[in-house]
Amino acid sequence: MSLSICFLARNKEQSLQHSFDSIKDLADEIIVVDTGSTDKTRQIAQQTGAKVLSLSWKDDFSAAKNLALEQATSDWILFLKPGETIAVKDKQKIKEKINNKDNKDGKEMSAYILFRRNYTNNKNILDLIACDGSYDEERGYAGFIATPQLSLFRNHKDIRYEGVIFEDIEHAIIKNKGRIAVTNIMTHFVDVTANDPKKNAERINRYLKICLKEIEKNPKEPKYHYEVAKLYKMQQKFDDAMHHFKKSLQLQERYRNPHRELADIHLQQGKILDALEEYEAALQQKPQDLSTLLQLGSLYGQRGRYKDAVRMFQKALELNLRNPVAYQNLASTLVRANNIKGALKILEIAYEKTKLDKFKKMKEDLESKIEKNEKIKDALKEKDFVKVEQLLKGEILKNPKSLVAVTNLGAFYAIKKDNKKIVELLSPIVDGNKTDNSGLMMNLYGNLASAHAQLKDKKAALQILKQALKLKPSNSEFFEKKMEELKTK
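Right, dumping it as structure tokens:
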């Protein structure tokens, strides 16, 4: 069976060459639909032997891709993005698929889902999978996001892309009673424009324009309301985003997962209870959604629901054994729940699975902390409070930016009911903070306000609570409640 590999390109000379170097020995035919390049895209494609088709761009991705399908002469089609590559071992798997060597029931497959690995060094992405060295293409990157792509399918006159944007081929395959199978074949991609704010903004505006036109034509189509909402969310136009997410829900309740998107918006607005409600609804709709599990785990942990938080992170790791965020949050939650042995074990597994040095260091730091805590416990037993204070102050001197060390010393002063020292310790930190609204920092605001209140300085306590609310913390309702309590006293 023969294979046509197709690309849609505009000003992609470098990334297209990268793809050609990877796939030229796999393709029987290469087709490039050029939509108005002003660089060397066309020349590079022609030099490689590709069939280059010119198309005047009319805001229609399906029309552009379908032009390639109309001109393709092979038995199978593989549609890739410029810059997307395929490893040697997966080229052989593709050949086996298109020759139907994997069919055990004698029935032919019509299409295959491959997984595109989008590589990044951003270790804070929720659904990141840590690189494990299984592909040379991983080198230099911390991890990747793997997204399923229905990109390999039979060349058939009735199989065409649908939708002017966020185009889809699956509907046409199913309509023609085709069979679709999921594979373990990976493609490899790096978005070179990911960190370019100007290009990202231009792309979002282009996509918005197309989607809004489609809504005008067909206001009852949930797809475009959902996609418009996601684009508005990227622009942080949350009211517009919420309107279209809710419209998508009204039109088709189970179209994608708007509950999760609504939850993200509530979270960014500091509406934690609303976010919790939407994340829980999202999890009911899609119980195996990794980012929903991780967000719920974080929120449960912030609210002291440690068992629920641990359960969410464990489920996330069942889905993705190399997810750094799940390991880090699970270990932190176990520490807060006073399960230090459990946290140490998780950090050990995390390093083994992800090979990220930060987990090795976190384990060493936690072991060191345990040793220091034992010294503090011994001093407390002996009622040597001077030594306890010295040990806790020593931790701050070693790491002046450690909010944990400051919190521990503040907790000691609270036990001693020394509110003046709490104010002296925490005031400079709170006064110097402009943007940090993390859980630890917000705890310092709460503790400082409580100390002022204990010292009968109601005005100062209220001022601290107001400062906290300006930072839009995830637990804003806690500070609002504290303010009401103080005002009524």
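If you use the working numbering, the sequence shown corresponds to residues 16 to 504, in order.
Backbone N, C-alpha and C fix where the C-beta goes; we use that ideal spot for every residue, glycine too.
- Glu182 and Ser69 have their C-alpha atoms roughly 20 Å apart.
- Scanning its chain for C-beta atoms nearer than 8 Å, with the 5 sequence neighbours on each side dropped, one finds around Glu44 the residues Ser17, Leu18, Ser19, Ile20, Lys66, Ala87, Thr88, Ser89, in chain order.
- When rounded, the separation of the alpha-carbon atoms in Met201 and Asp323 is 34 Å.
- Along the length of the region 63-132, whole alpha helix (DSSP H) runs at least 4 residues long occupy 76-86, 103-113, reported in chain order.
- Proximity to Leu470 across Leu223, Asn191, Ala161, Leu501 peaks at Leu501, based on C-alpha coordinates.
- Collapsing the DSSP output to three states places Met201 in a strand.
- Annotation for Gly285: Lys487, Ser491 place their beta carbon closer than 6 Å to its own, counting only its chain and skipping 5 residues before and after.
- Of the candidates Asp74, Leu31, Phe159, Leu41, the residue whose Cα lies closest to the Cα of Asp105 is Leu41.
- Judged by beta-carbon spacing, Leu165 lies beyond the 8 Å limit of Pro97, meaning their Cβ atoms are not closer than that value.
- Under the DSSP assignment, Cys21 falls outside any alpha helix (DSSP H), being part of the beta strand (DSSP E) whose first and last residues are 18-24.
- If you draw a 10 Å sphere on the C-beta of Ile46, you find 16 or more other C-beta atoms in it, and that means buried.
- The beta-carbon distance between Gly425 and Asn462, rounded to whole angstroms, is 5 Å. This is short enough to meet the 8 Å contact definition.
- Straight-line measurement puts the Cα of Asn354 at about 18 Å from the Cα of Lys376.
- DSSP links Pro163 through a beta bridge to Phe130.
- Taking C-beta atoms as the reference points, Leu129 and Leu84 fail to come closer than 8 Å.
- Cβ atoms of Leu349 and Leu305 stay farther apart than 8 Å, at about 20 Å.
- Note on the region 189-251: whole beta strand (DSSP E) runs with a minimum of 3 residues are 195-204, in chain order.
- Residues Leu23, Val48, Thr50, Leu70, Trp72 of the same chain have their beta carbon placed closer than 8 Å to that of Ala79, with the five preceding and five following residues left out of the count.
- Under the 10 Å beta carbon count, Ile109 is surrounded by 16 or more other beta carbons and is classified as buried.
- Straight-line measurement puts the Cα of Thr53 at about 10 Å from the Cα of Lys27.
- Taking a contact as a CB-CB distance under 8 Å, the pair Leu381 and Leu362 counts as one, their CB atoms being some 7 Å apart.
- Within the model, the alpha-carbon separation for Glu177 versus Glu185 is close to 9 Å.
- Judged by pairs of C-beta atoms under 8 Å, the region 315-330 touches the region 338-348, as three or more such pairs exist.
- Under the DSSP assignment, Glu44 falls in the beta strand (DSSP E) whose first and last residues are 44-49.
- The three-state reading of DSSP puts Ala145 in strand, counting E and B together.
- For Met249 and Phe260, the gap between their C-alpha atoms comes out near 13 Å.
- Ranking Gly357, Arg25, Ala161, Lys392 by CA distance to the CA of Gln58 puts Arg25 first.
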